[in-house]
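**Q**
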Amino acid sequence: MLFVLKATSNLLAAALLGLVSMSVAARAERPASPVEAEFRGCESAGWCRFRIDSADPSAAVLYRVRPDGIARIPVENAMSTAMRNRLNALLSNMIHQAKHIVLDDLRRLDDGTFAATVTINGANLATDPMVVDLQEQAAGKTR
472 MLFVLKATSN
482 LLAAALLGLV
492 SMSVAARAER
502 PASPVEAEFR
512 GCESAGWCRF
522 RIDSADPSAA
532 VLYRVRPDGI
542 ARIPVENAMS
552 TAMRNRLNAL
562 LSNMIHQAKH
572 IVLDDLRRLD
582 DGTFAATVTI
592 NGANLATDPM
602 VVDLQEQAAG
612 KTR
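Quick note, the sequence shown lines up with residues 472 to 614 if you use our numbering.
#1: For the region 516-593, list the alpha helix (DSSP H) runs that are entirely contained and at least 4 residues long, ordered along the chain.
#2: Pair every Cβ in the region 570-583 with every Cβ in the region 505-518, then say whether three or more of these pairs are closer than 8 Å.
#3: What residue range does the alpha helix (DSSP H) around residue 609 cover?
#4: Can you tell me whether residue 490 is buried or exposed, with buried defined as 16 or more other CB within 10 angstroms of its CB?
#5: Three or more beta-carbon pairs under 8 Å between the region 534-551 and the region 584-604, yes or no?
#6: For residue 544, is the classification buried or exposed, using 16 other Cβ atoms within 10 angstroms of its Cβ as the cut-off for buried?
#7: Can you list, in chain order, the residues of its chain with a C-beta nearer than 7 Å to that of residue 548? Leave out the 5 residues immediately preceding and following it.
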């Protein structure tokens with residue numbers, strides 16, 4: 472009888488551990504929105520890396536996020552490099568700066584990256600005048 476109780480308690484513990492693991496994995500898949508993030512650099516391919524803290528320090532991961540409102544510019548287009556440089560300048564913390572970066576409506580895209588509205592100190596990244604100008608130039612529009 473004691474063996475049956477011990478085996479049952481072990482199975483119950485394993486089942487609970489499995490449920491907790493699934494819950495942690497689900498949270499790592501898509502954090503609750505809005506979520507504070509730490510900037511880790513942008514690429515000419517149109518996405519930026521952000522580190523998102525988790526309740527479990529070992530679960531903090533880097534997310535490749537495509538900012539909402541910023542059109543993808545083909546890497547072959549010189550404007551993609553200019554856009555990358557502008558995004559890096561806007562999102563990077565410089566000396567004596569403390570930027571509060573928030574990802575809102577974070578969602579997974581078909582290519583494995585994520586998309587979100589990115590705000591810096593409350594301002595939407597996509598509304599930056601230079602970002603808007605670079606997008607217009609890439610699309611062949613002039614002001």
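A virtual CB, placed ideally from N, CA and C, is assigned to each residue, including glycine.
**A** The structure says:
#1: 549-562
#2: yes
#3: 600-609
#4: Any reading at residue 490 must be qualified, since the residue scores a pLDDT of 44, below 50, and its modelled position is unreliable; no value is offered.
#5: yes
#6: buried
#7: 609
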